[in-house]
Amino acid sequence: MGKKEKNITVETKKLYSDDPGLEVTIEREVNEKPRVAWDSKLQYFFMVISYAVGLGNVWRFPYLCQRNGGGAFLIPYLIMLFIEGMPLLYLEFAVGQHFRRGSIGVWTKVHPYLAGIGVASAVTSFMVGIYYNAIIMWCFYYVANSFQYPLPWSDCERINGTIKDIECEKGGPTSYFWYRQALDISPGIDESDGIKWKMLLCLVFAWAVIYACIWKGIKSSGKVVYVTATFPYIVLIIFFGRGITLRGATDGLLHLFTPKIERLGDPQVWLDAATQIFYSFGLGFGGLIAFSSYNPRNNNCQRDAIIVALTNWFTAIFSSTVIFSVLGFKATLMFETCQDRNINQLLQMYPTLNSSELTREVYLQEYQTNSSIKNLLFNETLMGKQFWYCDLKDDLNKAAEGTGLAFVVFTQAIVEFGPSAPFWSIIFFLMLLSLGIGSEFGTLEGVTTSIYDIQGVSILQKKWLVSGILCLVSCCIGIIFVLGSGSYWVALFDSYAGSFPLITVALFESISIGWVYGVDRFADDVRQMIGSPISRYWKITWKFVAPFMITGLLLATFISKIVNPITYTVYDKSEASTKESPYPWFAGMIASILVLSSVLCIPGNALLRKFGILKMSYSKKVQADMHGVTSSTVAFSRTGDDEEDSDSGHNSEELVTAPFLENKDTSCAIEEEDNVKL
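Per full-length UniProt numbering, the sequence shown runs over residues 1 to 678.
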C-alpha cells in the first residue's frame, strides 16, 4: 500500500453574526496533507476483520454461551449486536472517514474540549497493547514446543514407570506443563521469583515480529493482514471437519446450543452479552477510527459496518461450534475413563463377575443409577476402594475461558488425537497467533496514528522511528510479564487497563456525536459520504440507545468492582489447583493507575483548555485557507488569552463570527472546530 490520496474537500458552513436577521452561507476549499490510502477495499476489510475478530471469539464467547443458557444466550447477544455493537461500529467508521484523522484529531475537530477522548483512547490502547503481546509470547512458546512427538504436555515424567512429581499426577500433565514448565509460576503476585529467560526470549521475539509488521504503518501491516485475516478461518474449517467426526462431538454441540430460556431472566446474562459485543468489536481503542481514516470519502461505511458486525457474529458462533465439538470429545473420553476405572475396581472386588458382561452400559444401569447400590458405592470407601461418580454433563460443564481454555483444556483434547497431535497443536497455536497479531495491529494503530497526525514535530512523521520507540518501550515494560508472577500481572492488566477506560471512551464518543456535534449534522455528513439518506434507526441509536446502554454497562461494571471483593486466581502447588486470593495493596494502587491514567485525560484536557494552560491554535491556518495567506504563516501558538478560548455560546455547528460580514474585523476569525488544542 504505497499510494496517497490528495485530501481536498469543500466545506459548506453557515456563518452567524450579531444581527439575527443576517445569515451567510459560504463554501471554501480546504487543502489538507495528502493521506496514505488502502491499496484496495479488500485490504481494508481484511485489516478491520483481522482486528475485530480476535482471541475473544475463540476463548471467551464459547464459555459465555455455555455459562449463560446455551442457545438462549444468542438472543441477548443478537439484540446487543443491533442496539449497541453495530451502531458504535458504524459511528467509529464514519467519524474516521469523515474527519480523516486519528482518534485525537477526530475528537478535536468535533470540539476542542473533547480532544481528551482521543488521548484517553490512545493511552488505553498503549496499556492493552503491552499486555496483549504477552499472550502472543505464550503462543510462540507453545508453537516452538509443538514440533515433537509425543507433545511435552501429553504425560507426566516417569522414572521406572512411576510418576516423578505427585503434583503432575494431581493436576494433570497439561495443567502441570502450563503452570510449572511454561510459566514457572510463583505463589502470588507479590513474589516475583525472578525473570524466566525462555519467556523473555519469546517476548523479545514477539515484539520484533510486531515491529517488522508495523514499522511502515499500514504500508507494512497491510500486507501481513492477508495472512492474519484468512489463516484463522482456514484453521477453524479444518478443525470443524475434524471435530464433528469425533466421538462425543454431538453431545458437546447439544450441550452448547440447547437453550435454557429461564436464564434470560438473569440480568447478568444481558450484561455479559453487552460486554462481549463491546470488546469483541474493539470499540474505543481508536484503531477502527484510524483504519477508516485511510478510506476515500465516498466509501460506503454503513455497508462496511454491517458486513464487519455480521462477520464477527458468525465467527463467534462458528468458533464455538468448533471448540465444543472438540470439548465434547474430551468430555466423552473422561466419562468413559471414569466408567472403566470403576468397572476395574468392581472386578477386583468381585472376581466372580464376568468382565465381558460388565460393559459400560451395564455398569450405568445396574450400579450407578441403582439407588441402593449407588449410595453404597459413592458415599463411602468400600473394601478399600474409592469409586468416582461418572457424569457426562458434569464433564461438559467443566468448561474454561481464556488461557485456561487455550493452554490447559484444549491442549489436553489435542493430546487425544494420537500421532497427529503435533500437527493439530501447531495449527491451533498458529491460529491464536494470527488472531492475536491481527488484534495487536489495530490496538497499536490507535496509538501510532494519533502520533503521526500531530503537526509541527517532524520527528513524529518518521513511522519507523515512532513504531520502534513504541515497541521498545512496550517490550521493556513487558518484562514484568516474564517474571514468575507474570501471568498474575497479565490478569491485572486485563481486568483494569481495558475495561472501565474503554467503556468510558465509548460513552463520551456517543455523547459527543449525538449531543455535542449534533446527530442531524453528523447524519448529513454521512449522507454526503455514502450518497444516501441515513435511517432514523441509526440516529436514534446514536443519540439515545447507545449512550443509555453504555451508561448501564459502565454503572454495572463499576458496581461489580465495588461489591465483589478484588481478588485474583493463584496457583497452589501443593494442591495442583487454582484458588482465589485478595490482591495486595500495591496491586490495587497499580489497578487504579491503569484506570485513571486514561479516564482522567478526558476531563483533564477540557480543564487545561478552559483555563488556557494547554492550547495549540490553528486560527492562522484558517485565515490562510480563506484569504490566500501562504501556508508559512500557519504555526502552533501557546497563549493564555481567555477571550479567544472562551465558549462562544454557539454549539460546534456554528462559527464564532462571520468573516465576510460588512464592517467586521476578520483578522482573528476562526472556526472553533478547526482549533486543534490538545
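Heads up, the beta-carbon is just placed ideally off N, CA and C, and yes, glycines get one too.
Are the beta-carbon atoms of Thr411 and Ser425 separated by less than 8 Å?
yes
What residue range does the alpha helix (DSSP H) around residue 679 cover?
Not covered by the structure: residue 679. The range shown for the chain is 1 to 678.
Measure from the alpha carbon of Gly171 to the alpha carbon of each residue in Lys573, Ala229, Ile414 and Ser597, then state which is nearest.
Lys573
Please state the DSSP three-state secondary structure of Glu580.
strand
In three-state terms, what does DSSP make of Asp572?
strand
So does Lys573 have its beta carbon nearer than 7 Å to some heavy atom of the ligand PLP?
Absence of the ligand PLP from the depicted structure is noted, as is the absence of any ligand whatsoever, leaving it without description.
For Ile195, which beta-bridge partners are listed by DSSP?
Leu483
Sheet register partners of Thr567 (DSSP bridge)
Pro582
For Pro187 and Pro152, I'd like the C-alpha separation in whole angstroms.
23 Å
By how many angstroms is the C-alpha of Gly612 removed from the C-alpha of Gly640?
Low confidence applies here, because Gly640 scores a pLDDT of 36, under 50, leaving its location unreliable; read the following figure in that light. Each residue's Cα considered, the two are about 5 Å apart.
Which residues in the same chain as Leu22 place their Cβ atom closer than 6 Å to its Cβ, once the five residues preceding and following it in sequence are excluded?
In this prediction, Leu22 scores a pLDDT of 46, lower than 50, which makes its location untrustworthy; no coordinate-derived value is stated.
To the nearest angstrom, how far is it from the Cα of Ser632 to the Cα of Cys475?
Reliability of the predicted coordinates at Ser632 is poor, the pLDDT of 33 falling under 50, and no value is obtained from them.
Where do the ends of the alpha helix (DSSP H) carrying Ile534 lie?
Taken as a continuous stretch (DSSP letters only), Ile534 belongs to no alpha helix (DSSP H), as it is neither H nor E.
Expressed to the nearest angstrom, what Euclidean distance is found between the alpha-carbon atoms of Val308 and Val48?
8 Å
Distance, Val545 Cα to Gln97 Cα
23 Å
Three CB pairs or more closer than 8 Å across the region 564-584 and the region 94-109:
no
Would you decide whether residue 724 is buried or exposed? Buried here means 16 or more other CB atoms lie within 10 Å of its CB.
Outside the modelled stretch of the chain, which goes from 1 to 678, sits residue 724, for which no answer is possible.
Identify which residue in Met334, Ile136 and Ser221 has its Cα closest to the Cα of Lys463.
Ser221
Indicate the three-state DSSP secondary structure (helix, strand or coil) for Asp184 in the structure shown.
coil
Looking at Asn57: is its Cβ nearer than 8 Å to the Cβ of Ser280?
yes
What span of residues does the alpha helix (DSSP H) with Pro267 cover, start to end?
Pro267 to Ser280
Just to confirm the assignment: which complete alpha helix (DSSP H) runs, minimum length 4, are found wholly within the region 60-122?
61-67, 74-80, 86-99 and 103-110
Beta-carbon contacts of Leu435 that lie in its chain and below 6 Å, excluding the five residues immediately before and after:
Gly54, Leu55 and Pro232
Assuming Leu64 contacts Asp272 (C-beta within less than 8 Å), just tell me the rounded distance between them.
5 Å
Pick from Trp138, Ser292 and Trp542 that is closest to Val36, judged by C-alpha positions
Ser292
Per-residue burial, Leu472 [other beta carbons within 10 Å of its own, 16 or more giving buried]:
exposed
Look up Thr321 in the DSSP assignment and say whether it is helix, strand or coil.
helix
According to the neighbour-count rule (16 or more other Cβ atoms, all chains shown, within 10 Å of its Cβ), is Arg60 buried or exposed?
buried
Which residue from Gly69, Pro112, Leu81 and Val106 puts its Cα closest to that of Arg609?
Pro112
Any idea what DSSP makes of Lys462, helix, strand or coil?
coil
Spatial distance of Leu236 from Gly438 (CA atoms):
16 Å
As assigned by DSSP and simplified to three states, the class of Ala497:
coil
Could you tell me the alpha carbon to alpha carbon distance between Phe278 and Phe140, rounded to whole angstroms?
28 Å
Would you tell me roughly how many angstroms separate the C-alpha atoms of Val24 and Ser121, rounded to the nearest one?
Only weak support is given to the placement of Val24: the predicted model assigns it a pLDDT of 48, under 50, and the question is left unresolved by the model.
Express the C-alpha separation of Lys330 and Lys393 in angstroms, rounding to a whole number.
12 Å
On the CB-based measure, 16 or more other CB atoms within 10 Å of its CB, does Ser103 come out buried or exposed?
buried
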